[in-house]
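Everything below concerns the one structure shown next.
There are 2 protein chains.
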Amino acid sequence: MENKNVTQKYYAAKGIITNQMRKVAEKEELEPEFIVNEIKKGTVVIPANINHKKLDPIGIGFPLKTKINANIGNSATASDVKNELKKLHTAVHYGADTVMDLSTGGNINEIRDAIIKDSPVPVGTVPIYQCAAEVEEIKNLTAEYLIDVIEFQAKQGVDFMTVHCGILKEHIPLTKKRVTGIVSRGGSILAEWMSYYNKQNPLYEEFEKILEISQKYDVTLSLGDGLRPGCLADASDEAQFAELDVLAELTMKAWEKNVQVIIEGPGHIPFNQIEMNIKKQVEKCFGAPFYVLGPVVTDIAPGYDHITSAIGATMAAYCGASFLCYVTPKEHLGLPDEEDVKQGVIAYKIAAHAADIALERKNARKPDDEISEARIKFDWKKQFELSLDPETAQKMHDKLLPDEYFKHSDFCSMCGPKFCAMKISKSVK
Amino acid sequence: MENKNVTQKYYAAKGIITNQMRKVAEKEELEPEFIVNEIKKGTVVIPANINHKKLDPIGIGFPLKTKINANIGNSATASDVKNELKKLHTAVHYGADTVMDLSTGGNINEIRDAIIKDSPVPVGTVPIYQCAAEVEEIKNLTAEYLIDVIEFQAKQGVDFMTVHCGILKEHIPLTKKRVTGIVSRGGSILAEWMSYYNKQNPLYEEFEKILEISQKYDVTLSLGDGLRPGCLADASDEAQFAELDVLAELTMKAWEKNVQVIIEGPGHIPFNQIEMNIKKQVEKCFGAPFYVLGPVVTDIAPGYDHITSAIGATMAAYCGASFLCYVTPKEHLGLPDEEDVKQGVIAYKIAAHAADIALERKNARKPDDEISEARIKFDWKKQFELSLDPETAQKMHDKLLPDEYFKHSDFCSMCGPKFCAMKISKSVK
Numbered sequence: 161m162e163n164k165n166v167t168q169k170y171y172a173a174k175g176i177i178t179n180q181m182r183k184v185a186e187k188e189e190l191e192p193e194f195i196v197n198e199i200k201k202g203t204v205v206i207p208a209n210i211n212h213k214k215l216d217p218i219g220i221g222f223p224l225k226t227k228i229n230a231n232i233g234n235s236a237t238a239s240d241v242k243n244e245l246k247k248l249h250t251a252v253h254y255g256a257d258t259v260m261d262l263s264t265g266g267n268i269n270e271i272r273d274a275i276i277k278d279s280p281v282p283v284g285t286v287p288i289y290q291c292a293a294e295v296e297e298i299k300n301l302t303a304e305y306l307i308d309v310i311e312f313q314a315k316q317g318v319d320f321m322t323v324h325c326g327i328l329k330e331h332i333p334l335t336k337k338r339v340t341g342i343v344s345r346g347g348s349i350l351a352e353w354m355s356y357y358n359k360q361n362p363l364y365e366e367f368e369k370i371l372e373i374s375q376k377y378d379v380t381l382s383l384g385d386g387l388r389p390g391c392l393a394d395a396s397d398e399a400q401f402a403e404l405d406v407l408a409e410l411t412m413k414a415w416e417k418n419v420q421v422i423i424e425g426p427g428h429i430p431f432n433q434i435e436m437n438i439k440k441q442v443e444k445c446f447g448a449p450f451y452v453l454g455p456v457v458t459d460i461a462p463g464y465d466h467i468t469s470a471i472g473a474t475m476a477a478y479c480g481a482s483f484l485c486y487v488t489p490k491e492h493l494g495l496p497d498e499e500d501v502k503q504g505v506i507a508y509k510i511a512a513h514a515a516d517i518a519l520e521r522k523n524a525r526k527p528d529d530e531i532s533e534a535r536i537k538f539d540w541k542k543q544f545e546l547s548l549d550p551e552t553a554q555k556m557h558d559k560l561l562p563d564e565y566f567k568h569s570d571f572c573s574m575c576g577p578k579f580c581a582m583k584i585s586k587s588v589k
Numbered sequence: 161m162e163n164k165n166v167t168q169k170y171y172a173a174k175g176i177i178t179n180q181m182r183k184v185a186e187k188e189e190l191e192p193e194f195i196v197n198e199i200k201k202g203t204v205v206i207p208a209n210i211n212h213k214k215l216d217p218i219g220i221g222f223p224l225k226t227k228i229n230a231n232i233g234n235s236a237t238a239s240d241v242k243n244e245l246k247k248l249h250t251a252v253h254y255g256a257d258t259v260m261d262l263s264t265g266g267n268i269n270e271i272r273d274a275i276i277k278d279s280p281v282p283v284g285t286v287p288i289y290q291c292a293a294e295v296e297e298i299k300n301l302t303a304e305y306l307i308d309v310i311e312f313q314a315k316q317g318v319d320f321m322t323v324h325c326g327i328l329k330e331h332i333p334l335t336k337k338r339v340t341g342i343v344s345r346g347g348s349i350l351a352e353w354m355s356y357y358n359k360q361n362p363l364y365e366e367f368e369k370i371l372e373i374s375q376k377y378d379v380t381l382s383l384g385d386g387l388r389p390g391c392l393a394d395a396s397d398e399a400q401f402a403e404l405d406v407l408a409e410l411t412m413k414a415w416e417k418n419v420q421v422i423i424e425g426p427g428h429i430p431f432n433q434i435e436m437n438i439k440k441q442v443e444k445c446f447g448a449p450f451y452v453l454g455p456v457v458t459d460i461a462p463g464y465d466h467i468t469s470a471i472g473a474t475m476a477a478y479c480g481a482s483f484l485c486y487v488t489p490k491e492h493l494g495l496p497d498e499e500d501v502k503q504g505v506i507a508y509k510i511a512a513h514a515a516d517i518a519l520e521r522k523n524a525r526k527p528d529d530e531i532s533e534a535r536i537k538f539d540w541k542k543q544f545e546l547s548l549d550p551e552t553a554q555k556m557h558d559k560l561l562p563d564e565y566f567k568h569s570d571f572c573s574m575c576g577p578k579f580c581a582m583k584i585s586k587s588v589k
């Protein structure tokens, strides 16, 4: 029923500029008219659930600056509410534009509630995680239950939700020749369910109901990639692209109901296949914002996947992705703790910012020029201040030269007092 | 005098396949005939000083796998022989293909001697650092003294040397509008000298003498980029490319004497300018191996420049660079210690390997496929073993699940026992 619709896309379709659009326009240094038009086209979303009271809205889409997401949340083996709030604060402090609460352990509703109440940034979830956590076995899941949980979370104020509506029964045989099979948790749960009942994906079958809920609370749908590759060997395969075709179809259906949509993408992709992957996705899905997990560009560096994936993420954002889901050093090894969250966010701020500069987005290079000015002036305090992580920068500088005197000196321990190139260079007539 | 020539390029020109060429061919899984031909063309070098007795030779060039260099060495404020040897061992342990000893503090000759004696990988230096360290003021430098130090180091067994022969007096005014001026130490020293005396660069004037020394010991010349940009704002400017023209001229001169040459490049470059930079350099310098420092793709992340630069380095290697000089987390802040060396080397192993995969070099993806197989088998020990940094991978895994039991379990703390996608995926019929 169109009269229940409260989505930003609905308002955009009517030509109404909302407060959220104004705030986004201001943050992006763009005109509100531009924002409303892009939302209407579907190339920009503002994930802003009407029940997320503390939200300071942001926009996601290729016409805007690149955004990054930090996953937090517990698993059955670790974490609690207090710890998750700490991770939230750390993520936001270092510059995450959104967080996703991926809790699968205890106190799921309580943790989510606390996060939404506390978070100034959009909060995302993967509702099927809660469903699977609350049943004994995957076969006990039902379509009604999945929809109920989606509605419950929507009502709580979740701004965007990953729903794996695109993985179909017909796709499962395509994964049999893969090295690492299905590595999306949502995808694997649905695959098991479909195999057990020999029935179609309930989230695909009930997509209309999901759209109704989205209209009612303005939940932005993040169409999940249940068949994303889990290793380089499986990248860009038939299964991955078969699902993408369905995501394109669902994008159109969602847009018909003025529901905001982003599209999820892989995962593990060799560096030379990133451009092709991104362009294919953006083109197939009519320019809907593309949300990538990394991608990691090699499988051999567990413990350093914030780096392997920041490399892929920079390339992805440069080629057209607009939303980067961070990967922490703990990926493939364990649940990230607060320090991993920090490392992941900083690596992704670097990736997003490097892409914004490369795309020559408005004023993107300004902070770089400011820190470079501070460098040539040997204004160390300013350099630290302008850094993505001032404490770490200062700590590293101070390790060998802790004295206050060296905060004004025209050299650091790298070159020593006699050999600073910039110092010599300044003296050259 | 041609009869004194002992360079790999000299032998290649004569069609002689040396032991070094055979070893390189074996390591690269290529034919010796291919290697000798590429060396003859100048597209591959084997830095192998006849006095570096312990050397296990490697080849550098775009037809081969991407190589990485780790800078070690002290500055006036920190370090000694023992510490530098520790850094050498750490660098080689984690996979550095070469090391450069950039010492500028005390005991320079002693440290270099110890490093050469101990190092199985090619050792590089920047002789002008020693010259500048040993004089009171830059104006006290003389051409004779510069050449003497180059010869002394060549005799010691240095395999490759950075010589800033390409920065000319005429280039200095071009740096005046730069934000950070000249950030190459060698470049700034020579610029000061040229300004003081109003004379041409002595390393340019005496290039013939440098070639004679190179012929005698087989020193590979790394033609330094004294005018590399030190921030994004200065990237791809007139000064940078003016020097490049001179490097091209010197490459041809060196090749006429059968001296091996690599070309150095920047530095700080926006991601979108990397391809242009690499292609220009490779083309101008007739395919001579291109040795890049990073490049970093944003200036705002001191403390994380191993990441900002690994992003640039991957792109650079993908576009045609064949030799990547690492950047450590301490870059712009201080002298790297052993842990920084490790972090730098691992970030660059990732970059080089990701590029080799992307370029579809022979068997490049093999280790990735092996670790992916271990992942789907939940063979945790094998996963750690196949990682770039096994200890770190295991430490992260064990943080939440330390018990031996979990080394054989089909889940980790990321998903917990109920939610491992790969585990569920394996059960899907």
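First to last, the protein sequences are chains C and V.
Take the position in the first sequence, starting the count at 1, then add 160; the result is the number in my numbering.
Take the position in the second sequence, starting the count at 1, then add 160; the result is the number in my numbering.
Backbone N, C-alpha and C define an ideal beta-carbon position, used for all residues, glycine too.
Owing to the predicted nature of the structure, the values given are computational and were not obtained by experimental measurement.
Could one say the Cβ of residue i lies closer than 7 Å to chain C's Cβ atoms, at least one of them?
i        : result
PHE431/V : yes
ASP516/V : no
SER235/V : yes
THR474/V : yes
For residue i, which residues in the same chain have their Cβ closer than 6 Å to its Cβ, ignoring the five residues on either side in sequence?
i        : result
LEU453/C : GLY427, CYS485
ARG338/V : ASP394
GLY317/C : ASN209, ASN211, HIS212, ILE276
GLN313/V : THR285, PRO287
ALA476/V : ILE434, ILE438, VAL452
MET181/C : PRO192, ILE195, VAL196
PHE544/C : PRO550, ALA553, GLN554
GLU292/V : Looking at the sequence itself, residue 292/V is Ala, so the reference to Glu does not match. Result list for ALA292/V: ILE349, in chain order.
So, under 8 Å CB-CB, residue i and residue j are touching, yes? Tell me the CB distance rounded to an integer number of Å.
i        : j        : result
PRO333/V : VAL309/V : The Cβ separation is near 29 Å, so there is no contact.
LEU548/V : ILE460/C : 6 Å
GLY347/V : PHE320/V : Actually they do not touch by this definition, with Cβ atoms about 18 Å apart.
ALA514/V : THR474/V : 5 Å
ALA414/V : LEU371/V : 6 Å
ALA511/V : ILE471/C : 7 Å
Determine whether the Cβ of residue i lies closer than 7 Å to any Cβ atom of chain V.
i        : result
HIS557/C : yes
LEU548/C : yes
LEU560/C : yes
MET161/C : Low per-residue confidence applies at MET161/C: pLDDT is 45, beneath 50, and the placement is therefore not dependable, though the value from the model is reported in the following sentence. So no, MET161/C is outside the interface.
CYS391/C : yes
TYR478/C : yes
HIS331/C : no
ALA470/C : yes
LEU591/C : No answer is possible for residue 591/C: the residues shown for chain C start at 161 and end at 589.
ILE218/C : no
ALA414/C : no
Is residue i close to chain B, meaning its C-beta is less than 7 Å from at least one C-beta of that chain?
i        : result
HIS212/V : Given the protein chain composition of this structure (C and V), no chain B is represented.
Whose C-beta lies closer than 8 Å to the C-beta of residue i among residues of the same chain, with five residues either side of it excluded?
i        : result
TYR464/V : PRO489
ALA274/C : VAL241, GLU244, LEU245
THR203/V : GLY221, PHE222, PRO223, GLY447, ALA448, PRO449
Leaving aside the five residues before and after residue i along the sequence, list all residues of the same chain whose C-beta is less than 7 Å from its C-beta, in chain order.
i        : result
GLY255/V : VAL505, LYS509
HIS557/V : TRP540, CYS572
GLU398/C : LEU334
**OP:** Scan the segment 338-356 of chain V for residues whose Cβ lies nearer than 9 Å to a Cβ of chain C and list them as they occur along the chain.
**Re:** ARG338, VAL339, THR340, GLY341, ILE342, VAL343, SER344, ARG345, GLY346, GLY347, SER348, ILE349, ALA351, GLU352, MET354, SER355, TYR356
**OP:** Check distances from the C-beta atoms of the segment 563-589 of chain V to those of chain C and list, in chain order, the residues that come in under 9 Å.
**Re:** PHE571, CYS572, SER573, MET574, CYS575, GLY576, PRO577, LYS578, PHE579, CYS580, ALA581, MET582, LYS583, ILE584, SER585, LYS586, SER587, VAL588, LYS589
**OP:** State whether the segment 399-406 of chain V contacts the segment 447-466 of chain V, with contact taken as three or more CB pairs (one from each stretch) at a distance under 8 Å.
**Re:** Three or more beta-carbon pairs separated by less than 8 Å are not found between the segment 399-406 of chain V and the segment 447-466 of chain V, which leaves the two stretches without contact.
Original post:
Which residues, in chain order, does the segment 525-547 of chain V contribute to contact with chain C at a C-beta distance below 7 Å?
Top reply: ARG525, PRO527, ASP528, ASP529, ILE531, SER532, GLU533, ARG535, ILE536, GLN543, LEU546, SER547
Subject >> Touch test, the segment 529-541 of chain V against the segment 563-577 of chain V, Cβ-Cβ under 8 Å, three pairs minimum >> reply: yes
**OP:** Can you give me, in chain order, the residues of the segment 273-284 of chain V that have a beta carbon less than 7 Å from any beta carbon in chain C?
**Re:** none
Original post:
Given 8 Å as the limit, is there contact between the segment 220-233 of chain V and the segment 242-252 of chain V, that is, 3 or more CB pairs closer than that?
Top reply: Three or more Cβ pairs closer than 8 Å define a contact, and the segment 220-233 of chain V meets that threshold against the segment 242-252 of chain V.
Original post:
Quick one: any contact between the segment 373-382 of chain V and the segment 405-425 of chain V, if contact means 3 or more CB pairs under 8 Å?
Top reply: Under the 8 Å Cβ criterion, the segment 373-382 of chain V counts as touching the segment 405-425 of chain V, having at least three qualifying pairs.
Original post:
Relative to chain V, which residues along the segment 455-467 of chain C have a C-beta separation below 7 Å, given in chain order?
Top reply: VAL457, THR458, ASP459, ILE460, ALA461, PRO462, GLY463, TYR464, ILE467
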